[in-house]
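**Q**
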Amino acid sequence: MMNKIYITLITLFIFQVGYTQDYAPAAGLPGSTAIKYDSSVFVAWATGIDLSRGYINIENPSASYNGFNYASYGEPEDALGPASGNSTDGVVSLGDSGVAILTFKHPIINGDGWDFAIFENSVTDDFLELAFVEVSSDGVHFVRFPNHSKTQTTTPIGSFGSIEATDIHNLAGKYRVGFGTPFDLEDLKDSVLIDIQNITHIKIIDVVGTLGNKGGVDSYGNKINDPFPTAFHSGGFDLAGVGVIHHNPNVTSLENLSYHFIRIYPNPTTSYITIEVQNEMEITLKDILGATVLSQTIHAGSNKLSLESFGSGIYFLRTQGETIKLIKE
-7 MMNKIYITLI
3 TLFIFQVGYT
13 QDYAPAAGLP
23 GSTAIKYDSS
33 VFVAWATGID
43 LSRGYINIEN
53 PSASYNGFNY
63 ASYGEPEDAL
73 GPASGNSTDG
83 VVSLGDSGVA
93 ILTFKHPIIN
103 GDGWDFAIFE
113 NSVTDDFLEL
123 AFVEVSSDGV
133 HFVRFPNHSK
143 TQTTTPIGSF
153 GSIEATDIHN
163 LAGKYRVGFG
173 TPFDLEDLKD
183 SVLIDIQNIT
193 HIKIIDVVGT
203 LGNKGGVDSY
213 GNKINDPFPT
223 AFHSGGFDLA
233 GVGVIHHNPN
243 VTSLENLSYH
253 FIRIYPNPTT
263 SYITIEVQNE
273 MEITLKDILG
283 ATVLSQTIHA
293 GSNKLSLESF
303 GSGIYFLRTQ
313 GETIKLIKE
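Note that our numbering numbers the sequence shown so that position 275 is 267, with each residue one more than the last.
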């Protein structure tokens, strides 16, 4: 009986130590895992994005900023290509619980150490807007990285409160602008829904930092307390780029094969566009807020698509692996 009690106490002690440990500190400090945007470890960057923006205040959907109740800062394509150290350029805001799915020319693989890194645009080391990270090998089945937030859950952080990087693990947004939060696919080696040697999609989901019913929780079931509400056009996680560290350059992701055979004209347009493709494919047209306004299958060859019923403005045509900016005049 005493042996059982002793073993139980040891188990509880080990769990408690793991649960209360400090994680890596802010960029530039000893022990930090932050990777600078211009590091030579990056071999590629995201080439495609599918964006679904969230409200600027999910607890008050009617709240608006400049006439929009959804996040509206930046354009989807701003998250593609290399990140930078600039907090205002090359950034797209997700909004509360907004989702961005990134694709790549070559599949990401599980190498030695970190495999990719995600960049946010925080201007300080402690104003951290966080996001869950999931990966997929087929664009359908996604697996989330195990994550942990040790930030207190007694008092809301508020719109401009502070979070310590040492309290955050495996959540994107841990580091300030110009420094990526790295992820290791080895963490997901036991997942049966994905092949960690063939990751084609990365999904980034804004963490809603409220302590209320709509708040996000970590892998331990803890509420994740981060700045909330952020009821302005740049609310929620601000995606600045996804850098690839390990990939398979000998394989081209199927998501990207068709891009090289697409021709779209005229652009800008006043009434219609013609889309020329080599293979049949699905296309999706989204407005500047990320809302889907059209989804259909187009056939190989020339396809005429009417935009006459849509208002003037900027739209994004999502094909297999690429997002193309369209202007309706």
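Cβ coordinates follow ideal geometry from the N, Cα and C atoms, glycine included.
Count the other CB atoms, across all protein chains shown, that sit within 10 Å of the CB of L163; report buried if there are 16 or more and exposed otherwise.
**A** Start at 1 with the first residue of the sequence shown, and residue 163 comes out as number 171. Label assigned to L163: buried.
**Q** Use the C-beta contact count for H291: other C-beta atoms within 10 angstroms, 16 or more gives buried, fewer gives exposed.
**A** As a first step, residue 291 is located in the sequence shown; it is residue number 299 there, counting from the start. H291 should be labelled exposed.
**Q** Give the DSSP-derived three-state secondary structure of P99 in the structure shown.
**A** By 1-based counting over the sequence shown, the position of residue 99 is 107. Correct three-state label for P99: strand.
**Q** Do you know offhand how far E51's Cα is from N242's?
**A** Here residue 51 refers to the residue found at position 59 when the sequence shown is read from its first residue. Here residue 242 refers to the residue found at position 250 when the sequence shown is read from its first residue. The straight-line gap from Cα to Cα measures roughly 46 Å.
**Q** Just checking my contact of N139 with F124 at CB under 8 Å: how many whole Å lie between their CB atoms?
**A** Within the sequence shown, numbered from 1, the residue matching residue 139 stands at position 147. Within the sequence shown, numbered from 1, the residue matching residue 124 stands at position 132. Yes, N139 and F124 are in contact; Cβ-Cβ is about 7 Å, under 8 Å.
**Q** G40 and L94: beta carbons closer than 9 Å?
**A** Indexing the sequence shown from 1 puts residue 40 at position 48. Indexing the sequence shown from 1 puts residue 94 at position 102. Cβ atoms of G40 and L94: closer than 9 Å.
**Q** Measuring alpha carbon to alpha carbon, tell me which residue in G131, F224, V234, G170 is nearest L185.
**A** Along the sequence shown, one-based indexing puts residue 185 at 193. Of G131, F224, V234, G170, the residue nearest in Cα terms is G131.
**Q** Which partner residues does I306 have in the DSSP bridge list?
**A** Counted from its first residue, the sequence shown places residue 306 at position 314. DSSP output for I306 lists I319 as bridge partner(s).
**Q** Determine, using beta-carbon pairs with one atom in the stretch 99 to 116 and one in the stretch 217 to 235, whether at least three such pairs fall under 8 Å.
**A** Counting C-beta pairs closer than 8 Å gives three or more between the stretch 99 to 116 and the stretch 217 to 235, which meets the contact rule.
**Q** Does the count of Cβ pairs from the stretch 218 to 234 and the stretch 15 to 23 closer than 8 Å reach three?
**A** no
**Q** Does the Cβ of D159 lie closer than 8 Å to at least one heavy atom of the ligand FAD?
**A** As for the ligand FAD, it is missing from this structure, which has no ligand bound.
**Q** What is the DSSP secondary structure of L299, counted as helix, strand or coil?
**A** Position 307 of the sequence shown, counted from the start, is the residue given in the question as residue 299. L299 falls in the coil class under three-state DSSP.
**Q** Report all residues from its chain with a CB closer than 8 Å to the CB of G244; omit the five preceding and five following residues, and keep chain order.
**A** One-based indexing of the sequence shown puts residue 244 at position 252. In the sequence under discussion, the amino acid at residue 244 is Thr, which differs from the Gly named in the question. Closer than 8 Å at Cβ, skipping near neighbours: K97, H98.
**Q** Please report the straight-line C-alpha distance between D42 and E272, rounded to a whole angstrom.
**A** Here residue 42 refers to the residue found at position 50 when the sequence shown is read from its first residue. Here residue 272 refers to the residue found at position 280 when the sequence shown is read from its first residue. Answer to the nearest angstrom: the Cα atoms are 19 Å apart.
**Q** Which residues bound the beta strand (DSSP E) around E274?
**A** Taking the first residue of the sequence shown as 1, we reach residue 274 at position 282. Residues 273 to 279.
**Q** Excluding sequence positions up to five away, which residues of its chain have a Cβ less than 7 Å from the Cβ of L297?
**A** Taking the first residue of the sequence shown as position 1, residue 297 is located at position 305. Result list for L297: Y264, I265, I267, in chain order.
**Q** To which residues does DSSP link S141 through a beta bridge?
**A** Sequence index remark: in the sequence shown, residue 141 carries index 149 (1-based). For S141, which the question treats as bridged, DSSP gives the partners I160.
**Q** Excluding the 5 residues preceding and the 5 following Q189 in the sequence, name in chain order all residues of the same chain whose CB lies nearer than 7 Å to its CB.
**A** Against the sequence shown, residue 189 aligns to sequence position 197. In the same chain as Q189, and ignoring 5 residues on each side of it, the C-beta atoms closer than 7 Å to its own belong to I101, N102, in chain order.
**Q** DSSP state of E51, grouped into three classes?
**A** As a working note, residue 51 is residue 59 in the sequence shown. Three-state DSSP puts E51 in coil, outside helix and strand.
**Q** Is it the case that the Cβ atoms of G201 and I149 are separated by a distance below 9 Å?
**A** Translated into the one-based positions of the sequence shown, residue 201 becomes position 209. Translated into the one-based positions of the sequence shown, residue 149 becomes position 157. Yes, these two residues count as a Cβ contact at 9 Å.
**Q** Return the Cβ separation of N214 and T145 in integer angstroms, given the expectation that the two are a contact with Cβ distance under 8 Å.
**A** Taking the first residue of the sequence shown as 1, we reach residue 214 at position 222. Taking the first residue of the sequence shown as 1, we reach residue 145 at position 153. Indeed, because the Cβ distance is near 6 Å, the residues count as touching under 8 Å.
**Q** Roughly how many whole angstroms lie between the Cα atoms of T261 and L309?
**A** As a first step, residue 261 must be located in the sequence shown, where it is residue number 269. As a first step, residue 309 must be located in the sequence shown, where it is residue number 317. Straight-line Cα distance between these residues: approximately 13 Å.
**Q** Since G170 contacts Y15 with CB under 8 Å, what's their CB separation in whole angstroms?
**A** Translated into the one-based positions of the sequence shown, residue 170 becomes position 178. Translated into the one-based positions of the sequence shown, residue 15 becomes position 23. Not confirmed; about 20 Å, so no contact.
**Q** Tell me which residues share the same chain as K278 and place their Cβ nearer than 6 Å to its Cβ, disregarding the 5 neighbours each side in the sequence.
**A** Stepping through the sequence shown from its first residue, residue 278 is reached at position 286. Result list for K278: T284, F308, in chain order.
**Q** Look up A71 in the DSSP assignment and say whether it is helix, strand or coil.
**A** As a working mapping, residue 71 is identified with position 79 in the sequence shown. The answer is helix: DSSP assigns A71 an H, G or I state.
**Q** Could you check how far apart the C-beta atoms of L72 and R45 are, in whole angstroms? I think they sit under 8 Å.
**A** Start at 1 with the first residue of the sequence shown, and residue 72 comes out as number 80. Start at 1 with the first residue of the sequence shown, and residue 45 comes out as number 53. The pair is not a contact, with the Cβ atoms about 16 Å apart (cut-off 8 Å).
**Q** Please report the Cβ distance between L120 and D218, rounded to the nearest whole angstrom; I am assuming they are in contact, meaning their Cβ atoms lie under 8 Å.
**A** Position 128 of the sequence shown, counting from 1, holds the residue named residue 120. Position 226 of the sequence shown, counting from 1, holds the residue named residue 218. Confirmed, about 6 Å.
**Q** How would you label V135, buried or exposed, when you count the other beta carbons within 10 angstroms and need 16 or more for buried?
**A** Taking the first residue of the sequence shown as position 1, residue 135 is located at position 143. V135 is buried by the Cβ-count criterion.
**Q** Assign L177 to one of three DSSP states: helix, strand, or coil.
**A** For the purposes of this step, residue 177 is identified with residue 185 of the sequence shown, where counting begins at 1. Annotated three-state conformation of L177 is helix, per DSSP.
**Q** In the structure shown, what three-state DSSP assignment does K28 receive?
**A** Within the sequence shown, residue 28 is the residue found at index 36, counting from 1. The answer is strand: DSSP assigns K28 an E or B state.
**Q** What distance in whole Å lies between the Cβ atoms of S301 and K320, which are believed to be in contact at a cut-off of 8 Å?
**A** Here residue 320 is taken as the residue at index 328 of the sequence shown, counted from 1. Here residue 301 is taken as the residue at index 309 of the sequence shown, counted from 1. Cβ atoms of K320 and S301 stay farther apart than 8 Å, at about 10 Å.
**Q** With DSSP as the reference, please indicate the residues paired to G235 in a beta bridge.
**A** As a working mapping, residue 235 is identified with position 243 in the sequence shown. For G235, which the question treats as bridged, DSSP gives the partners W37, A109.
**Q** In whole angstroms, give me the CA-to-CA distance for H252 and I196.
**A** Counted from its first residue, the sequence shown places residue 252 at position 260. Counted from its first residue, the sequence shown places residue 196 at position 204. Interpretation of H252 is limited by its pLDDT of 43, a score under 50 that renders its predicted location unreliable; no figure is taken from the coordinates.
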